[in-house]
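Scroll down for the structure; my scribbles are underneath it.
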């Protein structure tokens, strides 16, 4: 790749599309396949042709067909280009590895601290049993006996908790309770991925939405002689009239479009440059069939698995709070009298980490502050994310409903019943669908005044005569567009001839 190339992501998308093409491709074809702005494609395609020795065919209309009969071997070879490619691969690999290590770290923090606390509890249990056995034959050490029994009770309860949790076997194994036979093991998600899924989710299913939406709109424009109306654009994007007017202005800039008026003054948006293509395959439906946004899911884990993660984190939080409280409140234990039922586990931890330069500070930080901070974030991040996702999903449902409603109204502008906006997909069903239906009518009414009549059942029916008129005017306008104007014509120049 040339040194001055800055837009590597866009360039990579163009090259990827070109590699899939077996015949000549125009700029309009590449725009439709990548959803990149027209000028950006015009800028980068010649660069790709130069780098990979492309074939250029000029047609009678002046359009250039780009093809690569000799494959995609870059002319940029040698140490510097090779180093850039290696560094690019390494940077991508570093991101992948870094992401994986971050996921592993979260799982290690959750499970590692749990096992660390359980290990301390088991040591405390063993020590408590030994102390209790010794003190039962030594009546002279009543204070020790009190501490031992307190510690034994606490450690016993902790040990009982360990038995009850048995967490990972319960998370990942399935059991046929009717017959007592272990069922075939389903494919299990790695633990670090499951923990990450609970905390951060599984990614945004609509991360590529801008590209998907643009491809759908471009395909519809190309399937309809290069012209589109604002109501059609609204049905494809799910935007209200005001937002749609702002967004289609962006399309006009990015794809060299222009607003035009029909004979009766109806505004039509025309994109002639998108029609100069070699690939005549229709990638859209003639009717307004728009892609819909997907809902975000909190986690792909089962509820049971997430419940175990919450429980483990809660245990870590309790232990962390206990050790931090003991370290700040008790400090070093200098006498046997300080060892009581409540401080016994802390005393055992001090003995275990007595080799540290400052055991009290070590416990307050490593067994107290760090697990508390981690546990707080482990609870807070999913909570905040869930609240945000609920709002985003509500917006997605309303947008998808608008697409279906606008399409139905555009197809049949007369006697529209809001109850007919009855989507099947969950992604298009707002929680309060009745209110959402009414909002759709009001929003569209700001663009085209509806006529209202009452049906026999007492419910209102809405008619949009202005939309009906606009639909007819658009059909007449499209009929006057000559498809021959977008024909490429014969090849008049071939760089490989």
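Numbering (the working numbering), first residue to last: 8 to 504.
All residues carry an ideal CB built from backbone N, CA and C; glycine is no exception.
Checklist entry - Are there 16 or more other CB atoms within 10 angstroms of the CB of residue 20, so buried, or fewer, so exposed? => result For the purposes of this step, residue 20 is taken as the residue at position 13 of the chain shown. With 16 or more Cβ atoms within 10 Å of its Cβ, residue 20 is classed as buried.
Next on the checklist: I'd like the span of the alpha helix (DSSP H) that includes residue 418, first residue to last.
Outcome noted: Taking the first residue of the chain shown as position 1, residue 418 is located at position 411. First-last of the alpha helix (DSSP H) with residue 418: 377–418.
Next on the checklist: Quick check: what's the CA-CA separation for residue 48 versus residue 455?
Outcome noted: One-based indexing of the chain shown puts residue 48 at position 41. One-based indexing of the chain shown puts residue 455 at position 448. Taking the straight line joining both Cα atoms gives about 37 Å.
Checklist entry - To which residues does DSSP link residue 229 through a beta bridge? => result Here residue 229 is taken as the residue at index 222 of the chain shown, counted from 1. DSSP output for residue 229 lists no bridge partner at all.
Checklist entry - Thinking just about the alpha-carbon of each residue, which of 45, 335 and 442 is nearest to the one in residue 366? => result The residue labelled residue 366 in the question sits at position 359 within the chain shown. Measuring from the Cα of residue 366, the nearest candidate turns out to be 335.
Item to check | Whole-Å CB distance - residue 269 paired with residue 480, under 8 Å assumed | outcome: Here residue 269 is taken as the residue at index 262 of the chain shown, counted from 1. Here residue 480 is taken as the residue at index 473 of the chain shown, counted from 1. Sure, about 5 Å apart at Cβ, within 8 Å.
Checklist entry - Which one of 314, 200 and 219 has the shortest CA to CA distance from residue 210? => result By one-based count along the chain shown, residue 210 stands at place 203. Minimum Cα distance to residue 210 is reached at 200.
Next on the checklist: Helix, strand or coil for residue 563? Go by DSSP, reduced to three states.
Outcome noted: As displayed, the chain neither begins before 8 nor continues past 504, which places residue 563 out of reach and without an answer.
Next on the checklist: I'd like to confirm something about residue 65: is its beta-carbon nearer than 7 Å to some heavy atom of the ligand GDP, or not?
Outcome noted: Although the ligand GDP was asked about, the structure shown includes no ligands whatsoever.
Item to check | From 43, 100, 245 and 286, residue whose alpha carbon lies closest to that of residue 73 | outcome: Taking the chain shown and counting its residues from 1, one reaches residue 73 at position 66. Residue 73 has its Cα closest to that of 286, out of 43, 100, 245 and 286.
Item to check | Distance between residue 263 and residue 511 (C-alpha atoms, nearest Å) | outcome: Residue numbering for the chain in the displayed model covers 8 to 504; residue 511 lies beyond these limits and cannot be assessed.
Checklist entry - Does DSSP put residue 236 in a helix, a strand or coil? => result As a working note, residue 236 is residue 229 in the chain shown. The answer is coil: DSSP assigns residue 236 none of H, G, I, E or B.
Checklist entry - Is the beta carbon of residue 408 less than 8 Å from the beta carbon of residue 385? => result To locate residue 408, count along the chain shown from 1; it is residue 401. To locate residue 385, count along the chain shown from 1; it is residue 378. No, the Cβ-Cβ distance between residue 408 and residue 385 is not below 8 Å.
Item to check | residue 212 versus 247, 303 and 236, residue with shortest Cα-Cα distance | outcome: For this step, residue 212 is matched to residue 205 along the chain shown. Of the listed residues, the one whose Cα sits closest to residue 212 is 303.
Next on the checklist: Under 8 Å, with one C-beta from each stretch per pair, do the region 25–35 and the region 446–464 reach the 3-pair mark?
Outcome noted: no
Checklist entry - Helix or strand or just coil, what does DSSP make of residue 286? => result In the chain shown, the residue the question calls residue 286 occupies position 279. The answer is coil: DSSP assigns residue 286 none of H, G, I, E or B.
Checklist entry - Do you know how far the Cα of residue 219 is from the Cα of residue 39? => result Looking up residue 39 in the chain shown gives position 32. Looking up residue 219 in the chain shown gives position 212. Taking the straight line from one Cα to the other gives about 10 Å.
Checklist entry - Around the C-beta of residue 342, are 16 or more other C-beta atoms found within 10 angstroms, so that it is buried, or is it exposed? => result For this step, residue 342 is matched to residue 335 along the chain shown. Label assigned to residue 342: exposed.
Checklist entry - Where does residue 472 land, buried or exposed, given buried means 16+ other C-beta within 10 angstroms? => result As a first step, residue 472 must be located in the chain shown, where it is residue number 465. It counts as exposed.
Item to check | Length of the line joining the Cα atoms of residue 244 and residue 410 | outcome: Translated into the one-based positions of the chain shown, residue 244 becomes position 237. Translated into the one-based positions of the chain shown, residue 410 becomes position 403. Near 7 Å, if we compare the C-alpha coordinates of residue 410 and residue 244.
Next on the checklist: Bridge partners for residue 498 per DSSP, in chain order?
Outcome noted: The residue given as residue 498 occupies position 491 in the chain shown. In the DSSP output, where bridge partners are listed per residue, residue 498 has 66.
Item to check | Straight-line gap, residue 224 to residue 240 (C-alpha atoms, nearest Å) | outcome: Reading the chain shown from its first residue, position 217 is the one you call residue 224. Reading the chain shown from its first residue, position 233 is the one you call residue 240. Taking the straight line from one Cα to the other gives about 7 Å.
Next on the checklist: At the level of alpha carbons, what is the spacing between residue 357 and residue 370?
Outcome noted: Position 350 of the chain shown, counting from 1, holds the residue named residue 357. Position 363 of the chain shown, counting from 1, holds the residue named residue 370. Approximately 8 Å between the Cα atoms of the pair.
Next on the checklist: If you reduce the DSSP assignment to three classes, tell me which class residue 431 lands in.
Outcome noted: As a working mapping, residue 431 is identified with position 424 in the chain shown. Reduced to three states, the DSSP call for residue 431 is coil.
Next on the checklist: Starting from residue 423, trace the beta strand (DSSP E) in both directions and tell me its first and last residue.
Outcome noted: As a working mapping, residue 423 is identified with position 416 in the chain shown. Premise fails: residue 423 is in no beta strand (DSSP E) and is neither H nor E.
Next on the checklist: I'd like the list of long-range same chain contacts for residue 203, defined as Cβ closer than 7 Å, with 5 residues on each side in sequence excluded.
Outcome noted: Your numbering for residue 203 matches position 196 in the chain shown. Taken in chain order, the residues that qualify are 110 and 113.
Checklist entry - Helix, strand or coil: which one does DSSP assign to residue 76? => result Within the chain shown, residue 76 is the residue found at index 69, counting from 1. DSSP places residue 76 in coil when its eight states are reduced to three.
Checklist entry - Alpha carbon to alpha carbon, how far is residue 232 from residue 67? => result On the chain shown, position 225 is the one that residue 232 refers to. On the chain shown, position 60 is the one that residue 67 refers to. Going from the Cα of residue 232 to the Cα of residue 67 covers about 20 Å.
Item to check | Residues near residue 265 by beta carbon distance below 7 Å, same chain, minus five either side | outcome: Taking the first residue of the chain shown as 1, we reach residue 265 at position 258. The residues are 259 and 277.
Checklist entry - So which of 136, 478 and 460 has the shortest CA-CA distance to residue 271? => result Within the chain shown, numbered from 1, the residue matching residue 271 stands at position 264. Checking every option, the nearest Cα to that of residue 271 belongs to 478.
Checklist entry - Would a C-beta distance cut-off of 8 Å place residue 261 and residue 45 closer than the cut-off? => result The sequence position of residue 261 within the chain shown is 254, counting from 1. The sequence position of residue 45 within the chain shown is 38, counting from 1. Yes, these two residues count as a Cβ contact at 8 Å.
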